[in-house]
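Encoded as structure tokens, the structure appears first; notes follow it.
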Amino acid sequence: MAKHPKAKRIVLILFDFMGYADIEPFGSGEIRTPNIRRLAERGRCHTDFYAPSPICVPSRAALLTGRHPKHLGMERNIYHGEPGLPPSEHSLAHHFKNAGYCTGLFGKWHLGYEPEDGPNAHGFDDFLGFHEWNIDYYSHKSREGDPALYRNTELVEIPGYTTDLFTDQAIDFVEKNADTPFFLFVSYNAGLPPYTPPGREDQPQSFDAWTDGSRADYAAMIEHLDTSVGRLLDSLGEDEETLVALTYDHGGADLACKGPFFHGFGTLWEGGIRVPLILNWLGRIEPGSTDGDPAIMMDLTATMLASAGVEAEKSLDGIDLLGEMPKEPRSLHWRIDFPTLHENWVARKQRAVRRGKWKYLWDGGMEFLIDLEADPGERVSLGYQHPELIAEMRELAAG
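Per our numbering, the very first residue in the sequence shown carries number 1096; after that it's consecutive.
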């Protein structure tokens, strides 16, 4: 059998603050996402894929470095005046750039607020986006009302709805690098407040509308996001040298649909950490396939690097999802040790471990042992039936 060519175009599409069931085929289709469904039909859906944290910064840091948040020392969100991703932690962009790839990021960064902590300092050649947790979709100002849209290290004023703006920039990047290997990271903000559908420029919404937005407005934003994904996919085409990955940084909150999963953003229950993953690579991945093995964000990092034959300079905390998989179930780990997730969100200390079908969760002094195959909604704890297993997983969670 002929060896499959390496990926010369690696495209990472990241969504934010959305629910597992908000996109097809992971959801019912209440929100129509035909372009994302098309990507899934041409590739593989990972149904048991996880963010390494239920909040932004740790997950994004892990995705870009392939290292667990606890190994990075980035287990909570960061604020103005605090250091961002350490320069010593080499990013995907750093590795791809060293291998001769052009690198571009369009959208949300959130791994350092100052330009010297921004994407250009971590290997990205081209950046248009923002450093904040979010900006207004039309004015591009921060929650505090300050200009927040950057072209590389300089503030810029460019009119447009952010979803369209980032998509236009991504398509331009694809076209400019048609004959050059590239790594493209499109980091959309469309699931975040202020909930502003396209065409509502004259009706500014509040950044504090965590629970005040409407599901209809949220759905309109996601459907427009799907249209933008379709435009990007059309610009890419499909060939044996292009790998496309689509996932979320964590689970959603009040307006999101988490499907059968309990709780959401900021917790280690399934609704906070289980996220969709779609992988598409013509000739390498079977169209319309599904993978139910538990996997985590750092695995995606390792997969993208392996697809191009690029080696990381540090050991990664993930495995290549397109390579030979371990015969024995791995243990996936999470922890929350910090007091707050956001100024309005108080966190409980939590620990979780998943191994095979079993999940152990310690939440604020209570512990649970759940069979996720039989009980994906985490309704029944079976610890009393399996005392030896819960003791073993308790020890794993404490490590």
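For every residue, glycine included, the Cβ atom is placed at its ideal position computed from N, Cα and C.
Nearest neighbour of Ala1351, chosen from Gly1240, His1190, Arg1379, Met1113 [CA to CA]
Translated into the one-based positions of the sequence shown, residue 1351 becomes position 256. Comparing Cα-Cα distances from Ala1351 to each of Gly1240, His1190, Arg1379, Met1113, the minimum goes to Met1113.
Let me make sure I understand the geometry here. Which of Gly1459, Arg1449, Arg1430 has the alpha-carbon closest to that of Arg1443?
Taking the first residue of the sequence shown as position 1, residue 1443 is located at position 348. Of the listed residues, the one whose Cα sits closest to Arg1443 is Gly1459.
If we count the other Cβ atoms within 10 Å of its Cβ and call it buried at 16 or more, is Ile1174 buried or exposed?
For the purposes of this step, residue 1174 is identified with residue 79 of the sequence shown, where counting begins at 1. Strictly speaking, residue 1174 in this sequence is Tyr, with Ile absent from that position. Exposed, since its Cβ has fewer than 16 Cβ neighbours within 10 Å.
Cα-Cα separation, Asp1329 to Lys1103:
Here the question's residue 1329 lines up with position 234 in the sequence shown. Here the question's residue 1103 lines up with position 8 in the sequence shown. Straight-line Cα distance between these residues: approximately 17 Å.
Check whether Pro1149 and Ile1368 have beta carbons under 7 Å apart:
Taking the first residue of the sequence shown as 1, we reach residue 1149 at position 54. Taking the first residue of the sequence shown as 1, we reach residue 1368 at position 273. Cβ atoms of Pro1149 and Ile1368: closer than 7 Å.
Residue ranges of each beta strand (DSSP E) run of no fewer than 3 residues wholly in the region 1403 to 1463, ordered along the chain?
1426 to 1431, 1435 to 1437, 1445 to 1450, 1453 to 1458
May I ask you to report which of helix, strand or coil DSSP gives Leu1250?
As a first step, residue 1250 must be located in the sequence shown, where it is residue number 155. Reduced to three states, the DSSP call for Leu1250 is strand.
What would DSSP say about Leu1372, mapped onto helix, strand or coil?
Along the sequence shown, one-based indexing puts residue 1372 at 277. Leu1372 falls in the strand class under three-state DSSP.
In whole angstroms, give me the CA-to-CA distance for Leu1417 and Thr1275.
Working through the sequence shown from its first residue, we reach residue 1417 at position 322. Working through the sequence shown from its first residue, we reach residue 1275 at position 180. Taking the straight line joining both Cα atoms gives about 24 Å.
Tell me where the beta strand (DSSP E) around Ser1301 begins and ends.
Position 206 of the sequence shown, counted from the start, is the residue given in the question as residue 1301. That residue, Ser1301, is in no beta strand (DSSP E); it is neither H nor E in DSSP.
Does the region 1211 to 1230 come close enough to the region 1241 to 1255 to have 3 or more Cβ pairs within less than 8 Å?
yes
Per DSSP, what are the beta-bridge partners of Leu1109 in this structure?
As a working note, residue 1109 is residue 14 in the sequence shown. Bridge partners of Leu1109: Ser1282, Thr1342.
His1141 in three-state terms, based on DSSP
As a working note, residue 1141 is residue 46 in the sequence shown. Of the three classes helix, strand and coil, the one that applies to His1141 here is strand, per DSSP.
Measure the CB-CB distance between Gly1361 and Gly1347 and report whether it falls below 7 Å.
In the sequence shown, the residue the question calls residue 1361 occupies position 266. In the sequence shown, the residue the question calls residue 1347 occupies position 252. Contact flag unset, no.
Tell me whether the region 1165 to 1185 and the region 1120 to 1134 touch, counting them as touching only if at least three CB pairs, one residue from each stretch, are closer than 8 Å.
no
Of the choices Leu1320, Leu1338, Thr1291, whose alpha-carbon is the least far from that of Ala1398?
Locating residue 1398 in the sequence shown gives position 303, where the first residue counts as 1. Per the sequence presented here, residue 1398 reads as Thr, with Ala not at that position. Closest by alpha carbon: Leu1338.
Taking the Cβ atom as the reference point for each residue, do Trp1457 and Arg1474 lie within a distance shorter than 7 Å?
On the sequence shown, residue 1457 is found 362 positions in, with the first residue counted as 1. On the sequence shown, residue 1474 is found 379 positions in, with the first residue counted as 1. Result no, Cβ atoms of Trp1457 and Arg1474 do not sit closer than 7 Å.
By a C-beta neighbour count over all protein chains shown, 10 Å radius and 16 as the cutoff for buried, is Leu1341 buried or exposed?
Locating residue 1341 in the sequence shown gives position 246, where the first residue counts as 1. Classification of Leu1341: buried, given that the 10 Å Cβ count is 16 or more.
Which first and last residues belong to the alpha helix (DSSP H) in which Phe1268 is found?
If you number the sequence shown from 1, residue 1268 lands on position 173. Unbroken alpha helix (DSSP H) run through Phe1268: 1257 to 1271.
Hey, would you say Gln1298 sits closer than 7 Å to Phe1201, going by beta carbons?
Locating residue 1298 in the sequence shown gives position 203, counting from the first residue. Locating residue 1201 in the sequence shown gives position 106, counting from the first residue. No; because the gap between Cβ atoms is not below 7 Å, this pair is not in contact.
When we look at the beta-carbon of Asp1321 and count the other beta-carbons within 10 Å, is it buried (16 or more) or exposed?
What you label residue 1321 is simply residue 226 of the sequence shown in a count that begins at 1. Buried, since its Cβ has 16 or more Cβ neighbours within 10 Å.
Would the region 1374 to 1385 count as touching the region 1156 to 1172 if we require 3 or more Cβ pairs under 8 Å?
no
I'd like to check one pair, Gly1207 with Thr1396: are the Cβ atoms closer than 7 Å?
Within the sequence shown, the letter at position 301 stands for residue 1396. Within the sequence shown, the letter at position 112 stands for residue 1207. Not closer than 7 Å, so no.
Would Asp1415 pass as a contact of Ala1401 if the rule is Cβ separation under 7 Å?
Counting from 1 along the sequence shown, the entry for residue 1415 is found at position 320. Counting from 1 along the sequence shown, the entry for residue 1401 is found at position 306. Contact: yes.
Among Glu1487, Thr1262, Lys1236, Ile1266, the one whose alpha carbon lies nearest that of Glu1252
Counted from its first residue, the sequence shown places residue 1252 at position 157. Of the candidates Glu1487, Thr1262, Lys1236, Ile1266, the one whose C-alpha sits nearest the C-alpha of Glu1252 is Lys1236.
Expressed to the nearest angstrom, what Euclidean distance is found between the alpha-carbon atoms of Ala1285 and Gln1480?
As a first step, residue 1285 is located in the sequence shown; it is residue number 190 there, counting from the start. As a first step, residue 1480 is located in the sequence shown; it is residue number 385 there, counting from the start. Between Ala1285 and Gln1480, the C-alpha separation is close to 43 Å.
Since Glu1136 and Pro1382 should fall inside the 8 Å C-beta cutoff, what is the C-beta to C-beta distance between them, to a whole number of angstroms?
As a working note, residue 1136 is residue 41 in the sequence shown. As a working note, residue 1382 is residue 287 in the sequence shown. That belief holds up - the Cβ atoms of Glu1136 and Pro1382 are roughly 6 Å apart, short of 8 Å.
Met1393 vs Asp1412 beta-carbon contact at 7 Å
Counting from one through the sequence shown, the residue named residue 1393 turns up at place 298. Counting from one through the sequence shown, the residue named residue 1412 turns up at place 317. Yes, the Cβ-Cβ distance between Met1393 and Asp1412 is below 7 Å.
By Cβ distance below 6 Å, which residues in the same chain neighbour Leu1372 in space, the five residues on each side in sequence not counted?
Residue mapping note: residue 1372 aligns to position 277 of the sequence shown, counting from 1. Excluding residues within five positions, the ones whose Cβ falls inside 6 Å are His1141, Phe1144, Thr1342.
With burial defined as no fewer than 16 other Cβ atoms inside 10 Å of the residue's Cβ, what is the status of Ala1097: buried or exposed?
Stepping through the sequence shown from its first residue, residue 1097 is reached at position 2. Model confidence at Ala1097 stands at a pLDDT of 49, short of 50, so the residue's coordinates are unreliable and nothing is read from them.
From this set, Ala1390, Glu1333, Pro1153, which residue's C-alpha is nearest Met1420's C-alpha?
Position 325 of the sequence shown, counted from the start, is the residue given in the question as residue 1420. When only C-alpha atoms are compared, the closest one is Ala1390.
Here's the rule: buried if 16 or more other CB atoms are within 10 angstroms of the residue's CB, otherwise exposed. What is Ser1323?
To locate residue 1323, count along the sequence shown from 1; it is residue 228. Buried is the call here.
Coarse secondary structure for Phe1191, derived from DSSP in three states
Numbered from its first residue, the sequence shown carries residue 1191 at position 96. Helix, per DSSP.
Less than 8 Å between the CB atoms is what I'm expecting for Leu1109 and Tyr1256, so what's the real figure, rounded?
To locate residue 1109, count along the sequence shown from 1; it is residue 14. To locate residue 1256, count along the sequence shown from 1; it is residue 161. Incorrect: roughly 18 Å between the Cβ atoms, too far for contact.
Are there 16 or more other CB atoms within 10 angstroms of the CB of Met1316, so buried, or fewer, so exposed?
Working through the sequence shown from its first residue, we reach residue 1316 at position 221. It counts as buried.
Starting from the C-beta of Ala1493, find all residues in its chain whose C-beta is less than 8 Å away, skip the five residues before and the five after it, and write them out in chain order.
For the purposes of this step, residue 1493 is identified with residue 398 of the sequence shown, where counting begins at 1. Result list for Ala1493: Arg1446, in chain order.
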